[in-house]
Amino acid sequence: MDPQAQLAPLEDACTVVLLRDSDSGLETLMLERSSTSRAFGGAWVFPGGKVDPEDRVDSFGAALDELAAARAAGLRELAEETGQRLSLDELVWLSQWTPMQSIPRRFRTWFMLAPAASELVVLNPEEHQRHAWLSPARALERHAAGEMTLVPPTWVTLHHLVGAASVAQALAEAGAGSPFLYNTHLLMPRDGTRPIGVMWAGDEAYPATEGAATGTKTGPGARHRLTISGRPWVFECTVLEQDGN
């Protein structure tokens, strides 16, 4: 892929990682995209979608900032896709994902954590064909076994939720920390043109000018990457300090 290729304009989106407590521990709601969908067809994702123009203004017509608009879109999409209705104060900003490669459409996506409103899930059949409440570890196991298709932002979010024992713990830890900013670059092999993974600031192969701007420490052998060339995928992170990446 040509690193000098012009990037498509960024569009905004929001994803809501819906959580519930179960007898076996923390679970998150996963939705299977229709196999005919143009975006992530057949993949299991969290509820969410694009920020629409009406999400960018409040009930009085005043313009909202980017984060507030993303929150509004997340609540709207959650209701449309699952029937779950939450309030703004129930959303906890977890991360933001920005693709830095040349692809037809690029979405800068805010990821929010939230407690489930109820056990009932009402799917929109035009967008999703199945749903499941799964522990993060179980979802990753199913992906490793080839039983479930995930994309890197979903995989990494699940990976970081594995250690949370409850909804309260997951929300508290996300609320106490700074949202992680994932500016994603493709990880290319030395002797090939097909990506073997994705990486972020702090990795030794990450573009030096972008990494320096974040204040993230790096060095020879440093890792902040997800290798996806075989299953199970492998996440490596030696990042010690970051102000956004």
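Numbering (my numbering), first residue to last: 134 to 378.
Glycine included, every Cβ here is placed at the ideal spot set by N, Cα and C.
Could you tell me which residues DSSP puts in a beta bridge with residue i?
{"i": "proline 232", "result": "Thr317"}
{"i": "leucine 267", "result": "Thr161"}
{"i": "serine 155", "result": "Gly158"}
{"i": "aspartate 145", "result": "Arg241"}
{"i": "valine 295", "result": "BP columns for valine 295 are empty, so no partner."}
{"i": "proline 248", "result": "Leu152"}
{"i": "valine 254", "result": "Valine 254 pairs with nothing; no bridge assigned."}
{"i": "valine 178", "result": "Leu164"}
{"i": "alanine 196", "result": "Val190"}
{"i": "valine 225", "result": "Leu246"}
Using a 10 Å radius around the Cβ and a threshold of 16 neighbouring Cβ atoms, would you call residue i buried or exposed?
{"i": "glutamine 229", "result": "buried"}
{"i": "threonine 231", "result": "exposed"}
{"i": "isoleucine 236", "result": "exposed"}
{"i": "serine 362", "result": "exposed"}
{"i": "glutamate 165", "result": "buried"}
{"i": "alanine 341", "result": "exposed"}
{"i": "threonine 215", "result": "buried"}
{"i": "aspartate 145", "result": "buried"}
{"i": "valine 367", "result": "exposed"}
Please check the pair residue i and residue j, which I expect to be a contact at CB under 8 Å, by giving their CB distance rounded to whole angstroms.
{"i": "alanine 122", "j": "glutamate 306", "result": "Lying outside 134 to 378, the shown extent of the chain, residue 122 is not represented and no answer is given."}
{"i": "arginine 239", "j": "alanine 301", "result": "Not really, about 35 Å apart at Cβ, beyond 8 Å."}
{"i": "glycine 330", "j": "leucine 359", "result": "5 Å"}
{"i": "phenylalanine 179", "j": "valine 150", "result": "5 Å"}
{"i": "tryptophan 266", "j": "glutamate 337", "result": "Going by Cβ atoms, the distance from tryptophan 266 to glutamate 337 rounds to 38 Å, so no, they are not a contact pair."}
{"i": "alanine 247", "j": "leucine 219", "result": "5 Å"}
{"i": "leucine 227", "j": "proline 312", "result": "6 Å"}
Using CA atoms only, rank isn't needed, just tell me which of the options is closest to residue i.
{"i": "leucine 162", "options": "Arg364, Thr287, Ala338, Val372", "result": "Thr287"}
{"i": "arginine 189", "options": "Pro328, Leu273, Arg209", "result": "Arg209"}
{"i": "valine 284", "options": "Asp154, Phe173, Leu151, Ala146", "result": "Phe173"}
{"i": "valine 372", "options": "Arg364, Trp366, Pro353, Pro365", "result": "Pro353"}
{"i": "valine 295", "options": "Asn257, Glu274, Gly325", "result": "Glu274"}
{"i": "cysteine 147", "options": "Leu197, Val184, Leu227", "result": "Val184"}
{"i": "asparagine 316", "options": "Gln234, Gly310, Glu214, Ala309", "result": "Gln234"}
{"i": "proline 365", "options": "Ser155, Gly325, Thr282", "result": "Thr282"}
{"i": "valine 289", "options": "Ser157, Arg153, Met332", "result": "Met332"}
{"i": "phenylalanine 244", "options": "Ala355, Thr351, Cys370, Leu152", "result": "Leu152"}
Tell me the residue span of the alpha helix (DSSP H) that contains residue i.
{"i": "valine 300", "result": "300-309"}
{"i": "arginine 213", "result": "Correcting the residue type first, residue 213 is glutamate in the shown sequence and not arginine. First-last of the alpha helix (DSSP H) with glutamate 213: 199-215."}
Locate the beta strand (DSSP E) running through residue i, then write down its first and last residues.
{"i": "glycine 181", "result": "181-183"}
{"i": "glutamate 260", "result": "First-last for glutamate 260: undefined, no H or E at that position."}
{"i": "glutamate 369", "result": "367-370"}
{"i": "glycine 330", "result": "330-332"}
{"i": "arginine 358", "result": "357-360"}
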